[in-house]
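Okay, structure first, notes after.
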């Protein structure tokens with residue numbers, strides 16, 4: 361048995377609509393498989409995630425629906441939380457059934473007041489360490505009669521400056537994945553009022569000094585080369601090779617976490633959602649400790665989170681795994697590690713002139729692996745919540761058993777290249793593989809057990825004479841070892857094929 365602290369970090373879905381099958385394949389099924397596997401090995405596992413409830417995706421949906429942002433996030437947090445549980449993802453119970461010292465899970469919300477307080481605390485730590493700089497940036501401003509407002513990222517649409525795709529968002533192109541500033545779009549327009557005149561205006565914001573962390577991040581990426589998947593290595597290298605620049609951490613938006621600063625010049629501005637949401641992995645662990653570990657008698661009490669977040673002074677380290685889609689890779693291999701190192705830097709009382717170093721004993725831990733997925737496609741096109749090109753998870757589960765989806769996405773998981781959800785293929789694989797092969801294998805085992813039932817149930821290991829089945833026993837043992845190795849390497853399709861090969865032999 362292994363006894364290791366493992367933190368499983370799952371990308372936070374925007375609470376502006378229901379989850380679709382692309383989300384499940386890319387972000388939510390893989391960590392659930394890993395969570396189960398790590399626990400089966402005796403590890404102490406904490407899984408954290410939740411609804412991303414701030415930012416322009418929420419406010420745009422609210423405006424389009426004619427309701428308040430809080431109404432939108434309340435609605436979809438409830439829908440998506442239930443859908444994940446209905447899928448069989450182990451977000452409940454919050455405490456591991458083996459005991460609180462073994463961890464648990466928490467699917468939280470960024471509107472949680474405790475998350476807000478922790479983000480503001482971290483903001484001030486980085487601010488006081490001199491890791492922010494004030495800069496004037498250009499942003500589109502919408503003119504409508506006597507009224508007007510700044511248009512942050514998703515309130516602007518236009519043609520992608522990289523691939524030319526029309527309808528590209530003001531912060532990132534869904535077609536090619538390129539990120540940029542909204543003023544770099546070609547033929548820009550207001551998303552909510554395309555007919556309105558827009559113009560560039562100056563606005564002042566805080567920027568995080570990403571450039572300060574270039575060397576440390578390059579060293580960290582080099583250390584992870586043997587572990588990261590090719591897509592993770594390539595995208596991280598691309599960002600680092602371009603040279604890191606300060607990145608805005610505030611936005612002209614009312615819906616979000618307020619800046620913990622005095623002064624009228626910061627009214628109407630909030631913490632930028634990218635800066636806030638990635639901290640959810642950290643704040644969620646702290647909140648889990650306070651709400652569950654403390655009351656359940658964890659030896660560490662309210663500080664139980666440290667076992668999953670800090671490098672031990674005795675040389676021990678937790679293991680961090682981040683599950684997400686490929687479009688979020690740089691946020692988890694560049695930006696989030698830079699924030700973690702910044703917090704370590706600030707917690708030591710260091711400032712902007714001091715050298716940034718990789719974590720030392722007692723510091724917050726950086727990610728070990730980011731087994732990011734490629735895209736699950738639908739009819740050759742990318743699943744898209746905004747374009748309504750999707751199969752929605754709640755609707756799917758109203759009609760089909762969750763195990764059919766878990767099997768099909770498991771055997772069709774976009775691990776190293778994009779895969780396609782295809783209804784005829786789904787029906788064929790469920791009928792001919794899950795039901796015909798695996799289902800019939802289970803039926804044969806249960807039928808045989810019923811016929812041979814003598815009132816006792818003994819594990820196979822208690823039978824002394826397996827000489828007649830030594831070949832089969834060795835084959836199963838070999839398969840079990842290969843499946844374990846596949847799961848350790850996050851090769852879930854390969855692991856599932858191994859399990860199915862046992863059923864085929866039976």
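In the working numbering, the protein residues as written are 361 to 866. All C-beta atoms in this analysis are idealised placements derived from N, C-alpha and C, irrespective of residue type, glycine included.
Among the residues of its own chain, which have a CB less than 6 Å from the CB of residue i, if the five just before and after it don't count?
i: residue 554; result: none
i: residue 798; result: 863
i: residue 609; result: 566, 568, 632 and 635
i: residue 419; result: 429 and 615
i: residue 866; result: 801
i: residue 702; result: 486 and 491
Mind checking if residue i is an interface residue toward chain D, Cβ cutoff 8 Å exclusive?
i: residue 380; result: Within the model displayed, chain D is absent; a lone protein chain is all it includes.
Taking the alpha carbon of residue i as the point to measure from, which residue in the options has its own alpha carbon closest?
i: residue 311; options: 664, 401 and 446; result: There is no way to answer for residue 311, as the model of the chain reaches only from 361 to 866.
i: residue 765; options: 382, 474 and 432; result: 382
i: residue 723; options: 681, 677, 694 and 690; result: 677
i: residue 700; options: 516, 642 and 404; result: 642
i: residue 603; options: 611, 619, 578 and 594; result: 578
i: residue 476; options: 413, 690, 417 and 521; result: 413
i: residue 593; options: 776, 744, 478 and 756; result: 776
i: residue 695; options: 547, 668, 443 and 572; result: 572
i: residue 474; options: 647, 784 and 487; result: 647
i: residue 674; options: 721, 704 and 653; result: 721
i: residue 737; options: 840, 535 and 692; result: 535
i: residue 368; options: 380, 393 and 362; result: 393
i: residue 490; options: 574, 729 and 570; result: 570
i: residue 600; options: 560, 698, 830 and 652; result: 698
i: residue 560; options: 606, 509 and 576; result: 509
i: residue 362; options: 856, 403, 514 and 493; result: 403
i: residue 370; options: 387, 379 and 377; result: 387
i: residue 436; options: 483, 378, 457 and 421; result: 378
Whole angstroms is fine: what's the gap from residue i's alpha carbon to residue j's?
i: residue 833; j: residue 810; result: 22 Å
i: residue 463; j: residue 406; result: 5 Å
i: residue 327; j: residue 532; result: Lying outside 361 to 866, the shown extent of the chain, residue 327 is not represented and no answer is given.
i: residue 375; j: residue 438; result: 9 Å
i: residue 627; j: residue 562; result: 16 Å
i: residue 734; j: residue 774; result: 5 Å
i: residue 364; j: residue 679; result: 8 Å
i: residue 757; j: residue 443; result: 8 Å
i: residue 479; j: residue 472; result: 11 Å
i: residue 842; j: residue 401; result: 15 Å
i: residue 611; j: residue 623; result: 16 Å
i: residue 501; j: residue 527; result: 18 Å
i: residue 672; j: residue 704; result: 14 Å
i: residue 861; j: residue 845; result: 16 Å
i: residue 786; j: residue 739; result: 13 Å
i: residue 752; j: residue 447; result: 12 Å
i: residue 790; j: residue 564; result: 56 Å
i: residue 668; j: residue 619; result: 28 Å
i: residue 855; j: residue 574; result: 37 Å
i: residue 745; j: residue 380; result: 8 Å
Would residue i be called buried (16 or more neighbouring beta carbons within 10 Å of its own) or exposed?
i: residue 760; result: exposed
i: residue 583; result: exposed
i: residue 542; result: buried
i: residue 524; result: exposed
i: residue 496; result: exposed
i: residue 649; result: buried
i: residue 783; result: exposed
i: residue 431; result: exposed
i: residue 681; result: buried
i: residue 750; result: buried
i: residue 831; result: exposed
i: residue 727; result: buried
i: residue 424; result: exposed
i: residue 670; result: buried
i: residue 803; result: exposed
Please return the same chain residues whose Cβ sits closer than 7 Å to the Cβ of residue i, not counting the five positions on each side in sequence.
i: residue 410; result: 372, 467, 468, 469, 470, 640 and 644
i: residue 459; result: none
i: residue 605; result: 570 and 571
i: residue 858; result: 839, 842, 843 and 846
Residues in the same chain with beta-carbon distance under 8 Å from residue i, minus the five sequence neighbours each way, listed in chain order, please.
i: residue 596; result: 581, 588, 689, 690, 693 and 694
i: residue 712; result: 489, 490, 491, 569 and 572
i: residue 450; result: 392, 395, 396, 407 and 465
i: residue 853; result: 770, 771, 772, 773 and 775
i: residue 390; result: 683, 731, 733, 773, 850 and 852
i: residue 666; result: 660
Measuring CB atoms only, is the segment 543 to 550 touching the segment 511 to 530, in the sense that at least three cross pairs come out at less than 8 Å? yes
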